Amino acid sequence: MFMWIIKRDLLLAMRRQSDVLTTLFFFIIVVSLFPLSVGPEMNMLRTMAPGVVWVAALLASMLSLGRMFANDYVDGTLEQMLLSPQSLSLLVLGKAFAHWLVTGVPLVLMAPVLGIQYDLPADALFVLTAALLLGTPVLSLIGAIGAALTLGLRGGGVLVSLLVLPLYIPVLIFGAGAVEANMAGMDFDAHLSLIGAFLLASIVLAPWAAAASLRVSLE
Amino acid sequence: MAINWFKYSSPASFYSLAGKMIPVFVFVSVVLLVAGLYVGFFVAPTDFQQGEAYRIIFIHVPAAWMSMFLYVVMAFWAGIGLAFNTRLSSMLATAIAPTGAMFTFIALWTGALWGKPMWGTWWVWDARLTSELILFFLYIGFMSLQAAIDDPRRADKAGAIIALVGVINIPIIYFSVQWWNTLHQGASVSINQAPAMATTMLTGMLIMVLASWMYSIAVILKRTRVIILERESHTAWVAELQKKGAIL
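Protein chains in written order, with the UniProt record's numbering: chain A, 1 to 219; chain B, 1 to 248.
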């Protein structure tokens with residue numbers, strides 16, 4: 001069931017590749033806007049880089065949340081999934097994982113390139129990528145709750161940002177903090193461990209909460 | 001003598017109970033408010049470091065406490081409503097949210113007014129200020145989610161889930177922000193060590209806290225009554241009330 005839902009969602013995403021690319025290019029454009037707005041001073045850009053990349057990743061991941069359930073909701077597939085005897089939490093976990101593969105992984109792969117734009121040193125690039133790799137699945141998992149709650153609502157897209165962005169704050173703090181600690185010559189293990197802890201906690205709790213939200217939204 | 005507590009979980013009987021309780025709480029709250037403000041402004045001595053400006057504490061601290069406490073109470077009732085499917089609990093949660101958001105806003109506002117003469121700045125990215133701001137965002141998220149859903153039962157349950165997710169996240173957010181703050185110590189002002197307070201200051205503050213409690217209860221009961229009327233407008237007992245002219 002878990003593998004099946006991932007395969008299905010990936011196939012659907014591959015059939016509509018422009019959606020994936022839109023999210024990725026949104027990420028690239030947002031990151032590229034900052035040097036244009038604050039000036040190309042390299043020292044400042046270097047200190048800003050982790051924060052800018054993380055905020056852009058947060059926004060990009062959030063903007064694509066609408067797609068997680070919306071299409072299945074419109075064509076009735078979601079209702080069939082709710083009626084199936086399989087565990088709904090597992091299904092949500094699969095959908096969140098597929099969402100991460102489609103939106104999170106491209107961001108992670110693109111981040112080092114954008115880091116070079118900001119003149120980050122090599123090991124900071126590595127830490128940035130590692131932090132994003134651990135952190136972006138948390139965004140997809142927490143986002144699943146928001147996406148499930150706002151299913152089929154007026155102005156759901158803006159509403160989901162109000163619900164989800166405050167909950168993203170810990171990931172943002174430690175994600176950007178890891179890179180900053182590395183650039184300041186400090187240990188970044190603790191930051192990564194904490195993001196890992198968020199990931200484990202959200203794997204356990206978020207699918208359950210999102211499944212409950214789906215039941216509320218579809219009842 | 002066994003009291004049937006469940007009697008008042010029916011909106012109809014709660015409506016009349018709340019109607020009787022509101023004047024009591026309003027009265028107590030006004031008395032405490034006057035007493036607290038009197039102690040705060042006339043009895044409590046001037047602070048030798050902060051001068052008269054410290055007196056904003058009598059509004060700031062109760063507001064900050066209420067803002068955090070009300071979120072937990074709101075999540076509690078929303079959770080009860082979700083678990084036991086009791087309509088009244090969810091209505092209560094919905095009624096608490098605006099009051100909580102108001103206290104959060106007051107705490108931020110008075111904090112800024114206090115910060116200007118004390119630290120020379122309206123805002124610092126201190127751990128407490130930042131988490132209070134995030135708490136405000138959580139309240140706004142809860143209220144706008146409920147406002148966006150037309151079906152009241154779905155709004156109750158969706159709100160309950162987001163409130164519970166928020167209440168799990170509040171400690172995580174608080175400690176993240178605190179850690180973030182210690183990493184960026186440079187620009188911030190340390191307000192961690194509270195100076196010893198004169199007894200009258202403390203008394204004034206505690207009276208104001210009690211006044212805020214009473215005020216919150218009164219307002220929340222009133223708002224719950226309005227929500228009950230709105231949702232039960234199709235029932236016979238509301239129609240009867242209307243006929244008697246008890247409600248407009």
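Quick reminder that beta carbons are idealized off the backbone N, C-alpha and C, glycines included. No experiment lies behind these values; they were computed from the predicted model shown.
Option in A/177, A/141 and A/169 with minimal Cα separation from residue 134 of chain B = Taking the first residue of the second sequence as position 1, residue 134 of chain B is located at position 134. Ranking the options by Cα distance to residue 134 of chain B, first place goes to A/169.
Leaving out five residues on either side along the sequence, give the residues of the same chain with a beta carbon under 8 Å from the beta carbon of residue 233 of chain B.
-> Position 233 of the second sequence, counted from the first residue, corresponds to residue 233 of chain B. Around residue 233 of chain B: no qualifying Cβ.
How would you write the range of the alpha helix (DSSP H) that residue 113 of chain A sits in, first residue to last?
-> Translated into the one-based positions of the first sequence, residue 113 of chain A becomes position 113. Residues 105-117.
For residue 164 of chain A, which residues from the same chain have a beta carbon less than 8 Å from its beta carbon, with the 5 sequence-adjacent residues on both sides left out?
-> On the first sequence, residue 164 of chain A is found 164 positions in, with the first residue counted as 1. Within the same chain, residue 164 of chain A has close Cβ partners 62, 65, 142, 143, 145 and 146.
Residues from the segment 183-215 of chain A in contact with chain B, defined by Cβ distance under 7 Å = Taking 7 Å as the Cβ-Cβ cut-off against chain B, the residues of the segment 183-215 of chain A that qualify are 209, 212 and 213.
When the Cα of residue 101 of chain A is compared with those of A/7, A/82, A/199 and A/207, which residue comes out closest?
-> To locate residue 101 of chain A, count along the first sequence from 1; it is residue 101. For the residues A/7, A/82, A/199 and A/207, the minimum Cα distance to residue 101 of chain A belongs to A/7.
So with Cβ pairs under 8 Å, would you call residue 252 of chain B a contact of chain A?
-> Because residue 252 of chain B is not part of the residues shown, which for chain B are 1 to 248, the question remains open.
Shorter than 8 Å from the beta carbon of residue 154 of chain A to some beta carbon of chain B?
-> As a first step, residue 154 of chain A is located in the first sequence; it is residue number 154 there, counting from the start. True, the Cβ-Cβ gap to chain B drops below 8 Å.
Is the Cβ-Cβ distance between residue 214 of chain B and residue 92 of chain B less than 8 Å?
-> Mapped onto the second sequence, residue 214 of chain B falls at position 214. Mapped onto the second sequence, residue 92 of chain B falls at position 92. No.
The segment 26-39 of chain A: positions lying closer than 8 Å to chain E by Cβ = No chain E appears in the structure shown, which is made up of the protein chains A and B.
Give the range of the alpha helix (DSSP H) segment to which residue 72 of chain B is assigned.
-> Counting from one through the second sequence, the residue named residue 72 of chain B turns up at place 72. Per DSSP, residue 72 of chain B belongs to the alpha helix (DSSP H) from 57-84.
Buried/exposed call for residue 243 of chain B, threshold 16 Cβ in 10 Å | Here residue 243 of chain B is taken as the residue at index 243 of the second sequence, counted from 1. Classification for residue 243 of chain B: exposed.
Could you tell me the distance, in whole angstroms, from the CA atom of residue 207 of chain A to the CA atom of residue 181 of chain B?
-> Taking the first residue of the first sequence as 1, we reach residue 207 of chain A at position 207. Taking the first residue of the second sequence as 1, we reach residue 181 of chain B at position 181. In a straight line, the C-alpha of residue 207 of chain A is about 31 Å away from that of residue 181 of chain B.
Which residues in the same chain as residue 167 of chain A place their Cβ atom closer than 6 Å to its Cβ, once the five residues preceding and following it in sequence are excluded?
-> To locate residue 167 of chain A, count along the first sequence from 1; it is residue 167. Cβ within range, chain order: 142.
Compare the C-alpha of residue 18 of chain A against each of A/4, A/67, A/3 and A/85 and name the closest.
-> Here residue 18 of chain A is taken as the residue at index 18 of the first sequence, counted from 1. If we check each option's Cα against that of residue 18 of chain A, A/67 comes out closest.
List the residues of chain B that residue 174 of chain A touches, going by C-beta distances under 9 Å, in chain order.
-> In the first sequence, counting from the first residue as 1, residue 174 of chain A sits at position 174. Here the neighbours are 176, 179 and 180.
Since residue 170 of chain A meets chain B, which of its residues come closer than 7 Å, beta carbon to beta carbon?
-> Counting from 1 along the first sequence, the entry for residue 170 of chain A is found at position 170. In chain order: 172, 173 and 176.
Can you name the start and end residues of the alpha helix (DSSP H) that residue 100 of chain B belongs to?
-> Residue mapping note: residue 100 of chain B aligns to position 100 of the second sequence, counting from 1. That run of the alpha helix (DSSP H) goes 87-119.
Quick one: which chain A residues come within Cβ less than 7 Å of residue 87 of chain B?
-> Position 87 of the second sequence holds residue 87 of chain B. Going along chain A, no residue has its Cβ under 7 Å from residue 87 of chain B, so there is no contact; the nearest lies around 15 Å.
Using a C-beta to C-beta distance shorter than 7 Å, which residues of chain A count as neighbours of residue 269 of chain B?
-> Here chain B comprises residues numbered 1 to 248, so residue 269 of chain B is not present and cannot be evaluated.
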